[in-house]
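Numbering (this note's numbering), first residue to last: 1 to 500.
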């Protein structure tokens with residue numbers, strides 16, 4: 001107990017220094033500038049990406065009109081995980097999200113692997129959507145001005161081009177915005193969220209004018225199994241709400257703001273997705289969705305063309321996709337840089353990732369390193385087929401979060417909790433089981449690639465992370481084992497201060 005208390009005292013002392021604005025030798029503190037509204041919009045922006053614009057083309061053939069239930073199933077799975085996030089965000093309002101929660105509960109090694117699941121989730125997601133930005137930019141400029149970029153500079157090698165310049169440009173622009181400041185990034189993101197939600201609301205309003213109840217007559221042609229398989233596909237459309245928790249050290253009143261933002265994000269997105277799926281299925285027979293997807297058509301845009309008989313839907317949906325991709329790249333890069341920031345603070349990645357600019361209060365070096373690497377992948381590698389890896393990384397991270405709730409209830413029952421998961425331990429157990437079930441439904445190649453990724457992560461941990469671990473440095477200085485969760489879990493009644 002004395003060892004734990006000494007660790008807590010050292011942590012609280014460091015918290016006080018951070019709260020007073022004092023800085024370490026390698027940079028200054030992150031600044032708390034984000035409120036509830038901005039954080040909720042960050043969450044919505046990270047979830048509502050290009051997936052909803054096109055996912056119906058591949059999932060309706062699997063589930064039929066029952067795809068509406070697939071969205072509900074995916075929302076329930078995400079919701080169970082979100083409840084776990086809400087409790088942990090109240091206990092540990094720190095940067096790093098799932099990585100920090102795993103570090104505090106499951107230990108350093110497990111947290112490192114979880115972090116690489118998140119890096120996979122965010123990195124592949126950014127690269128995948130950035131690759132497609134050129135396509136929708138071409139569609140928009142073609143519809144408006146009759147001009148498109150040649151494939152040589154708008155497609156990566158292997159997909160008809162040499163380098164995807166727009167993909168690199170969008171990532172670097174987002175990196176520039178993030179490097180300038182969190183407040184500025186949040187303000188720009190808020191505008192883009194309003195635009196892309198507005199596009200989807202227009203789609204719902206127009207599509208409902210052609211609604212036909214008979215399109216729902218054969219509701220589940222492939223039974224419950226089809227709805228489940230489709231749920232694993234539409235789950236990609238829910239990926240990203242955990243980005244909310246990565247902003248733990250830049251949010252005002254984080255123990256209240258983060259839980260509310262998580263719940264508001266998931267509620268708003270679920271309602272929007274259900275409305276879009278109901279309107280889409282009601283507007284055209286289910287057999288047409290697969291045909292449109294096979295023909296490479298944007299499903300929602302084609303539905304609007306059929307309903308209105310006009311060409312403006314292509315412009316509207318292309319503009320919505322362009323804005324959507326930019327906002328997804330922006331907030332996903334934000335999440336990835338904050339995870340690396342937390343890992344660097346724990347000594348598991350090079351210290352350059354934790355250096356914070358004294359003027360802008362952002363990890364500038366971190367942001368540009370991530371931006372250049374992800375932008376290079378998007379520009380030079382066709383990554384669309386790796387989308388399932390994003391879902392896999394997310395699902396494994398959600399399992400870790402559910403496990404963290406259970407572990408922290410046991411090892412730190414006295415820690416302050418602004419919210420407690422209801423029906424404990426049923427909810428975290430259901431969250432873990434449902435996530436594992438959706439992961440089980442993913443293709444075998446996804447499991448193979450994911451296994452290779454974890455092996456790479458383990459090798460990097462043994463080769464660098466373990467040798468540079470701040471936790472192990474503490475052990476060597478004190479000549480005693482340090483409990484990981486004692487480093488980060490606050491004692492009961494602790495003052496809500498920025499965590500280091």
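In this text, a Cβ means the ideal position worked out from N, Cα and C, and glycines have one as well.
Keep in mind that this is a model prediction, so the values were computed, not measured.
Apply the 10 Å Cβ neighbour rule to residue 103 and answer buried if 16 or more other Cβ atoms are within range, or exposed otherwise.
-> buried
Where the alpha helix (DSSP H) through residue 282 begins and ends = 254–283
Of the residues 208, 98, 326 and 427, which one's Cα is nearest the Cα of residue 169?
-> 326
Go to residue 369, then tell me how far its alpha helix (DSSP H) extends in each direction, as first and last residue.
-> 364–380
What's the C-alpha gap between residue 251 and residue 37?
-> 11 Å
Nearest to residue 365 by CA position, among 353, 359 and 374, is which residue?
-> 353
Contact set for residue 281: own chain, Cβ-Cβ below 6 Å, skip 5 residues either direction | Cβ contact annotation for residue 281 (same chain, cutoff 6 Å, sequence separation greater than five): 65 and 215, in chain order.
Starting from residue 138, trace the alpha helix (DSSP H) both ways and give me its first and last residue.
-> 108–145
Per DSSP, cross-strand counterpart(s) of residue 34 = Residue 34 is bridged to 251.
Among residues of its own chain, excluding the 5 on either side of residue 44, which ones have a beta-carbon nearer than 8 Å to its beta-carbon?
-> 193, 197, 265, 268 and 269
Residue range of the alpha helix (DSSP H) that residue 103 falls in?
-> 98–105
C-beta atoms of residue 401 and residue 88 nearer than 9 Å | yes
Mind the definition here: the segment 134–141 touches the segment 160–169 only if three or more C-beta pairs lie below 8 Å; say whether that holds.
-> In short, these stretches touch, since the Cβ pair count reaches three.
How close, in whole Å, do the beta carbons of residue 261 and residue 426 come, if the pair is a contact with beta carbons under 8 Å?
-> Not a contact, Cβ separation roughly 25 Å.
Which listed residue (140, 337, 431 and 404) has its alpha carbon closest to that of residue 313 = 140
Apply the 10 Å Cβ neighbour rule to residue 467 and answer buried if 16 or more other Cβ atoms are within range, or exposed otherwise.
-> exposed
For residue 349, does the three-state DSSP call read helix, strand or coil?
-> coil
According to the neighbour-count rule (16 or more other Cβ atoms, all chains shown, within 10 Å of its Cβ), is residue 157 buried or exposed?
-> It is exposed - the Cβ of residue 157 has fewer than 16 other Cβ atoms within 10 Å.
Residue 230 lies in the alpha helix (DSSP H); which residues open and close that run?
-> 223–234
Whole-angstrom distance between residue 380 and residue 151, CA atom to CA atom | Between the alpha carbons of residue 151 and residue 380 lies a gap of roughly 13 Å.
Is the Cβ-Cβ distance between residue 356 and residue 129 less than 9 Å?
-> At a Cβ-Cβ threshold of 9 Å, residue 356 and residue 129 do not count as neighbours.
Local Cβ density within 10 Å of residue 225, reported as buried at 16 or more and exposed below that = exposed
Where does the unbroken alpha helix (DSSP H) through residue 173 begin, and where does it stop?
-> Under the DSSP assignment, residue 173 falls in the alpha helix (DSSP H) whose first and last residues are 165–180.
Would you decide whether residue 445 is buried or exposed? Buried here means 16 or more other CB atoms lie within 10 Å of its CB.
-> exposed
Same chain, Cβ closer than 7 Å to residue 388, five either side skipped, listed in chain order = 442, 443 and 446
Please classify residue 420: is it buried, with 16 or more other beta-carbons within 10 angstroms of its beta-carbon, or exposed?
-> exposed
Residue from 278, 171, 179 and 286 whose Cα sits closest to the Cα of residue 222 | 286
Quick one: measure Cβ to Cβ for residue 331 and residue 119, integer angstroms, because I've assumed they're closer than 8 Å.
-> Actually they do not touch by this definition, with Cβ atoms about 16 Å apart.
Residue-level contact to chain B via CB, residue 119, 9 Å cutoff = This model lacks chain B altogether; it includes just one protein chain.
Taking Cβ positions, are residue 433 and residue 320 nearer each other than 9 Å?
-> no
Excluding sequence positions up to five away, which residues of its chain have a Cβ less than 6 Å from the Cβ of residue 86?
-> 259, 262 and 419
Residue span of the alpha helix (DSSP H) that contains residue 303, given as start and end = 299–308
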